[in-house]
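**Student:** The sequence shown begins at 190 in our numbering and counts up by one. Ideal Cβ placement from N, Cα and C applies to all residues, glycine included. Just so you know, these numbers come straight off a predicted model, no measurement behind them.
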Amino acid sequence: IGQVDRSRLRDDSLEALFGLYFGPGGLPRDAAIASLQRLLADPKAVGPGGVGVPPLPRQRNWDTVVERWLVDHLAPDVEAVEPSAVEGRSEQVLAAWRHSMAGTRAEMNAASRAARSCGEEPVEDVDASRDPGRMCLEPLVAGTVELKGSPGKKRGTAKKKPR
190 IGQVDRSRLR DDSLEALFGL YFGPGGLPRD AAIASLQRLL ADPKAVGPGG VGVPPLPRQR
250 NWDTVVERWL VDHLAPDVEA VEPSAVEGRS EQVLAAWRHS MAGTRAEMNA ASRAARSCGE
310 EPVEDVDASR DPGRMCLEPL VAGTVELKGS PGKKRGTAKK KPR
């Protein structure tokens with residue numbers, strides 16, 4: 190997904206990547222961070238991308254070489270993007286956050302840790318019925334992301350019209 194032409198990128202693809210971000214640590218989350226960085230960063234700073242051939246093993250088995258090669262290409266170390274690169278995608282970030290808050294314990298913990306400003310301690314009991322007004326999306330974003338829309342808005346409280 191990190192190689193997708195930005196003009197053809199769909200909102201649900203970004204939401205899916207943010208959904209992996211709000212999940213347990215590991216290769217899928219690291220790969221999502223790398224893909225999001227390629228998609229959200231300044232195109233001039235990202236470079237052309239692409240995948241080369243794995244090196245020939247000298248003293249190791251092929252499985253070790255191929256595994257390291259895959260990790261290097263799927264989840265390379267990336268530089269954090271500016272908060273402004275994510276602020277225009279508040280809708281996708283919040284949709285993924287809501288989904289994670291209703292998901293597994295690991296997803297809920299990751300989403301809860303993000304619902305704060307960077308530099309603050311994570312909140313123990315995050316109110317899942319309220320959208321956070323800001324998030325700390327480190328290591329993807331360098332700094333606090335101010336979410337546009339209705340920060341702190343309580344969801345699911347609309348009164349039904351009488352019949």
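1. Look up V132 in the DSSP assignment and say whether it is helix, strand or coil.
2. Would you check if the segment 252-262 and the segment 292-305 touch, i.e. whether three or more CB-CB distances between them fall below 8 Å?
3. Between C325 and S301, is the Cβ-Cβ spacing less than 9 Å?
4. Can you tell me whether DSSP reads A291 as helix, strand or coil?
5. Using beta carbons (cut-off 9 Å, strictly below), is A264 in contact with chain D?
6. Just mark L198 as buried or exposed, buried being the case when its beta carbon has 16 or more other beta carbons within 10 Å.
7. So, under 8 Å CB-CB, P221 and L209 are touching, yes? Tell me the CB distance rounded to an integer number of Å.
8. Return the first residue and the last residue of the alpha helix (DSSP H) that R323 is part of.
**Tutor:** Based on what the coordinates show:
1. With the chain covering 190 to 352 only, the question about residue 132 has no answer from this structure.
2. no
3. For the purposes of this step, residue 325 is taken as residue 136 along the sequence shown, with counting starting at 1. For the purposes of this step, residue 301 is taken as residue 112 along the sequence shown, with counting starting at 1. Result no, Cβ atoms of C325 and S301 do not sit closer than 9 Å.
4. The residue you call residue 291 lines up with position 102 of the sequence shown. In this structure, A291 counts as coil in the three-state DSSP scheme.
5. Although the question refers to chain D, the structure presented lacks it and comprises just one protein chain.
6. Locating residue 198 in the sequence shown gives position 9, counting from the first residue. Result: exposed.
7. On the sequence shown, position 32 is the one that residue 221 refers to. On the sequence shown, position 20 is the one that residue 209 refers to. Going by the sequence as given, residue 221 is Ala instead of Pro. So it is a contact: roughly 4 Å between Cβ atoms.
8. Numbered from 1 along the sequence shown, position 134 holds the residue referred to as residue 323. Note, R323: premise wrong, no alpha helix (DSSP H); beta strand (DSSP E) at 323-325.
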